[in-house]
Amino acid sequence: MEKNNFKAWLYLLPAIIFLAVFLVYPLIDVFIYSFEEGYNSASGSSFGTGIYNYRYVLRDPYFLMALKNTLILVLITVPLSTALALVISLGLSSVKKLRELFQTVYFLPYVTNTLAVGLVFMILFQKTEYSNGLINLILGIFGISPIDFINGPYFAKITVLCIYTVWVVLPFKILLLTSALASVKQDYYNAAMIDNTPKWRVFTKITLPMISPTLFYLIITGFIGAFKAYSDAVALFGTDLNAAEMNTVVGYIYDMLYGDGGGYPSYASAAAIILFAIVLTVTVINLLVSRKHVHY
Amino acid sequence: MKVTLQNLTKTFPSRNKKEQKEVVAVSNFTFEIPDGTLIGLLGPSGCGKSTTLSLICGLLKPTSGKIFFGDDEVTHLSPENRGVGMVFQNYALYPHLTVKQNITFPLENLKGKDKMTKQEMAQKALETAKLVQIEELMDRKPSELSGGQQQRVAIARALVKMPRVLLLDEPLSNLDARLRLATREEIRRIQQKTKITTVFVTHDQEEAMSISDLIVVMKDGIVQQIGKPQEVYNDPCNLFVAKFLGTPPINIFKGKVKDRKLYIGNTAVMDTDIPDMPVTVGIRPEGFMADEKGEFECELERIEVMGRDISVIAKHEQCETPVFRAIINGENEIQGQKVRFSLKPRKVYLFDNEKGSRIEVN
């Protein structure tokens, strides 16, 4: 028994060392930095400890804007993309002809290069000297005057960011949900059909509970992913996100570390800890809600 | 509710693209199931018994033929409008609902004048649960139940809406041997109490024989024989039915009829009245009697004592299988290397060598 135990630790050791060095130690470090005023990574010195960094970050208009953008992104894209993926997956599992073709089409964005996707979105949304972009062309048909989605008003930009995010996360969700739907045994549907169950009831009482573990997984990872959004905004609006009013919390942290006005690891750490606290709270709420509604 | 099947046929398109030959799952099935009876559809796997069940419940549409419930034609009705209850092979209990919720599920779908209040539903569910004796398990989830209990819940769910016809697809196949015995009695008891016309599918002949009012033996989509279990057992219409029914199975020998005598090997074992021809002889295990003066001499392999009876396992060169089994009264003493039997004429069946059909003997 003792020997086995030793062996088990031996097998676990490589992973534990890596996790400790590259994950646990930095985590603790970030936590410490966040309480050290004006920490300087070159000299390793600080002015003192306290909650000054938090106070600064929470009063920083750039941080508040980043937080607002992130929250909007989370609140809109997570429910929207999950619901949309569910609808598309339901559609995919009920069509018989050309199902494989549709599945491939819906999965393509997942394997497409991000830069290529960015280019497509430019063609769709960007206003150039020659055109107003494809979307404006379509909007024009309905008599809506052209909007500059990339450099224009705030609502236009956040809309594009949301659409982009939904579009990027959709394929993975569709993939998981279609396989979850396919794994629901036909017998349950047959049983429900024999009992004259209305379609909507079949969906809410049988399909949803049966795929609830997958759905729950997608919602949790969706929340965490959306809170960590950054690269999507960069792909659309370039690196100067503060100027574009499109910064996210992770973008703010990055700017604080390496951006033009960077070199403030203490502020970055404080912002990171705040983000961590938010994500943790949301995940805990998710877990509590799931206890009642997720059936394994 | 009387159920009538008229020339029911179901074919499936061939999967093989080169050979466009259809697969006939059920062929020209005509049968009237009397009201309130328990029918066993029996056959080896792939014989079309489950397809027949799906046709009756409406999950499959027949290629041709008609189905009537009473006097109503239901051939083109979808399952939800047929008023059938079905118990699936793996029960298909909703795993996220409690036993009570599972049983009330069909009731919650009722609409219009049949709509029930919560109390009525609870009352009805409890009644049904009592019928199948699971009233103490109402708040459990299916995963917390044993196989037999799940089976009962599935039956309760099928019965709760008072179906016109109850269908059971291999209801006992997921249970262990002991539970199978108990549950089949239970199914019989419930059926007799509710008087609902019930059709169940099984590949286990013992199961079908023990509880059915009538059994339908099928092979390759074609009905071989329909009748009361004992009648079919005693009077099989062909070699397939004779072989399929009975445990231990019937023993098959090569034989011939010559000068009004039945020969197995070179020994005349019985008198008969049919013209001379080679035949296949089927002898039920209980058709042998230990008899020192018996005509039928075999080499003794071993003896199994099963309490009241003993089972004699012997060899005969004309036998289809290496050894055969005779069940004889335990009071007989069997010794030595050879054993002699005389035969009970009513337990000996003759079959046509080519067609396998029964040759009637007076």
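Line by line, the protein sequences give chains A and B.
Under our numbering, the residue at position 31 of the first sequence is numbered 31, and the numbers go up by one with no gaps.
Under our numbering, the residue at position 343 of the second sequence is numbered 343, and the numbers go up by one with no gaps.
Every residue, glycine too, gets a C-beta built ideally from N, C-alpha and C.
Among the options, nearest to residue i - alpha-carbon criterion
i, options, result
"A:THR178", "A:SER89, A:SER46, A:VAL279 and A:LYS292", "A:SER89"
"B:THR37", "B:LYS111, B:ILE196, B:GLY287 and B:GLN337", "B:ILE196"
"A:SER212", "A:ALA180, A:VAL202, A:ASN190 and A:THR239", "A:ALA180"
"B:LYS344", "B:GLN119, B:VAL281 and B:LYS243", "B:VAL281"
"B:ALA314", "B:ALA290, B:ASN109 and B:LYS21", "B:ALA290"
"A:ILE278", "A:GLY48, A:VAL249 and A:GLU129", "A:VAL249"
"B:GLU80", "B:MET209, B:VAL339 and B:PRO163", "B:PRO163"
"A:TYR154", "A:MET246, A:ILE141, A:PHE203 and A:LEU176", "A:MET246"
"B:LEU166", "B:ARG180, B:LEU175, B:ARG188 and B:ASP176", "B:ARG188"
"A:THR49", "A:LEU275, A:TYR56 and A:GLY38", "A:GLY38"
"B:ASN174", "B:ILE39, B:GLU331, B:TYR91 and B:LYS293", "B:TYR91"
"B:ASN234", "B:PHE31, B:GLU360 and B:ARG346", "B:ARG346"
"B:LEU181", "B:GLN205, B:THR198 and B:VAL199", "B:GLN205"
"B:ASP259", "B:LEU5, B:GLY356, B:ILE215 and B:PRO278", "B:PRO278"
"A:LEU176", "A:ILE206, A:ALA85 and A:TYR254", "A:ALA85"
"A:ILE174", "A:LEU64, A:VAL87 and A:TYR62", "A:VAL87"
"B:ASN353", "B:ILE252, B:GLN150 and B:ALA208", "B:ILE252"
"B:GLY356", "B:SER14, B:ASN238, B:ASP114 and B:VAL99", "B:ASN238"
"B:THR267", "B:GLU301, B:HIS316, B:ILE222 and B:PRO34", "B:HIS316"
"A:VAL294", "A:LEU215, A:ALA243 and A:SER183", "A:LEU215"
"B:VAL305", "B:ILE334, B:PHE324 and B:ILE283", "B:ILE334"
Within chain B, the residues that residue i reaches when beta carbons sit closer than 9 Å
i, result
"A:THR207", "Simply none; closest approach about 11 Å."
"A:PRO198", "ASN109 and LYS111"
Amino acids of chain A, ordered along the chain, whose beta-carbon sits closer than 7 Å to that of residue i
i, result
"B:CYS237", "Result: empty, since nearest Cβ-Cβ is about 34 Å, beyond 7 Å."
"B:PRO106", "ASP195"
Contact set between residue i and chain A, taken where Cβ atoms lie within less than 8 Å
i, result
"B:VAL84", "ILE194"
"B:GLU144", "Per Cβ cutoff of 8 Å: no residues; B:GLU144 is ~13 Å from chain A at best."
"B:GLU80", "MET193, ILE194, ASP195, ASN196 and THR197"
Other residues of its chain near residue i: CB distance less than 7 Å, five sequence neighbours each side excluded
i, result
"B:PRO106", "ARG157, VAL160 and LYS161"
"B:ASN329", "ASP309"
6 Å CB neighbourhood of residue i in its chain, flanking five on each side removed
i, result
"B:VAL201", "LEU41, LYS49, SER50, LEU53, ASP169 and GLU170"
"A:ALA156", "ILE147 and PHE149"
"B:GLU231", "none"
"A:ALA226", "LEU73, VAL74, THR77 and VAL78"
"A:ALA229", "LEU73 and THR248"
"B:ILE222", "SER27"
"A:ASN136", "PRO146"
Cross-chain neighbours of residue i in chain B, by beta carbon under 8 Å
i, result
"A:TYR188", "ALA92 and TYR94"
"A:LYS185", "ASN90 and ALA92"
"A:ARG59", "The premise fails here: A:ARG59 is roughly 48 Å from chain B at the closest Cβ pair, so nothing lies under 8 Å."
Within chain A, the residues that residue i reaches when beta carbons sit closer than 9 Å
i, result
"B:LEU59", "ASN190, MET193 and ILE194"
Cross-chain neighbours of residue i in chain B, by beta carbon under 7 Å
i, result
"A:ARG99", "Simply none; closest approach about 18 Å."
"A:ARG55", "Within chain B, no residue comes near A:ARG55; the closest Cβ sits about 48 Å away, beyond 7 Å."
Chain E contact for residue i (CB, 8 Å cutoff)
i, result
"A:ARG201", "Chain labels in this structure do not include chain E; the protein chains are A and B."
Own chain, CB closer than 8 Å to residue i, minus 5 neighbours either side, in chain order
i, result
"A:THR283", "ILE220, PHE223 and ILE224"
"B:SER45", "HIS203"
"B:VAL241", "VAL217, GLN224, GLN225 and VAL232"
"A:VAL160", "PHE121, PHE125, PHE149, ILE150 and LEU236"
"A:THR165", "LEU73, THR77, SER81, ALA226, ALA229 and ASP232"
"A:ILE51", "PHE35"
**Message:** I want to know whether the segment 240 to 257 of chain B touches the segment 61 to 78 of chain B - three or more CB-CB distances under 8 Å.
**Reply:** no
**Asked** Can you list, in chain order, the stretches of the alpha helix (DSSP H) that have 4 or more residues and sit fully within the segment 40 to 78 of chain A?
**Response** 52 to 59
**Message:** Counting beta carbon pairs with one atom in the segment 23 to 43 of chain A and one in the segment 267 to 279 of chain A, are three or more of them shorter than 8 Å?
**Reply:** yes
**Prompt:** Between the segment 282 to 291 of chain A and the segment 85 to 104 of chain A, do three or more beta carbon pairs fall short of 8 Å?
**Reply:** no
**Prompt:** Does the segment 156 to 170 of chain A come close enough to the segment 56 to 65 of chain B that 3 or more CB-CB pairs lie under 8 Å?
**Reply:** no
**Message:** Please give the ranges of any beta strand (DSSP E) in the segment 299 to 352 of chain B, keeping only runs that are unbroken, at least 3 residues long and fully inside the region.
**Reply:** 309 to 315, 324 to 329, 338 to 343 and 348 to 352
**Item:** Inter-stretch contact (C-beta, 8 Å, three-pair minimum) for the segment 21 to 39 of chain B and the segment 4 to 13 of chain B
**Value:** yes
**Prompt:** In chain order, which continuous runs of the alpha helix (DSSP H) of length 4 or greater are located wholly inside the segment 26 to 70 of chain B?
**Reply:** 49 to 57
**Request:** Check whether the segment 305 to 323 of chain B touches the segment 269 to 276 of chain B, counting contact only when three or more Cβ pairs, one atom from each stretch, lie closer than 8 Å.
**Result:** no
**Stretch pair the segment 191 to 211 of chain A + the segment 105 to 125 of chain B: three plus CB contacts closer than 8 Å** = yes
**Message:** Three or more C-beta pairs under 8 Å: does that hold for the segment 128 to 135 of chain B against the segment 214 to 221 of chain A?
**Reply:** no
**Message:** Just to confirm the assignment: which complete alpha helix (DSSP H) runs, minimum length 4, are found wholly within the segment 234 to 265 of chain B?
**Reply:** 239 to 244
**Item:** Whole alpha helix (DSSP H) elements within the segment 245 to 290 of chain A, 4-residue minimum
**Value:** 249 to 258
**Asked** With a cut-off of 8 Å, do at least 3 Cβ pairs link the segment 291 to 303 of chain B to the segment 331 to 342 of chain B?
**Response** yes
**Sufficient close CB pairs (3 or more, under 8 Å) joining the segment 231 to 243 of chain A to the segment 112 to 131 of chain A** = yes
**Item:** Complete beta strand (DSSP E) runs within the segment 81 to 107 of chain B (minimum length 3 residues, chain order)
**Value:** 84 to 87
**Asked** Taking only runs of the beta strand (DSSP E) that begin and end inside the segment 139 to 205 of chain A, which ones reach a length of at least 3 residues, in chain order?
**Response** none
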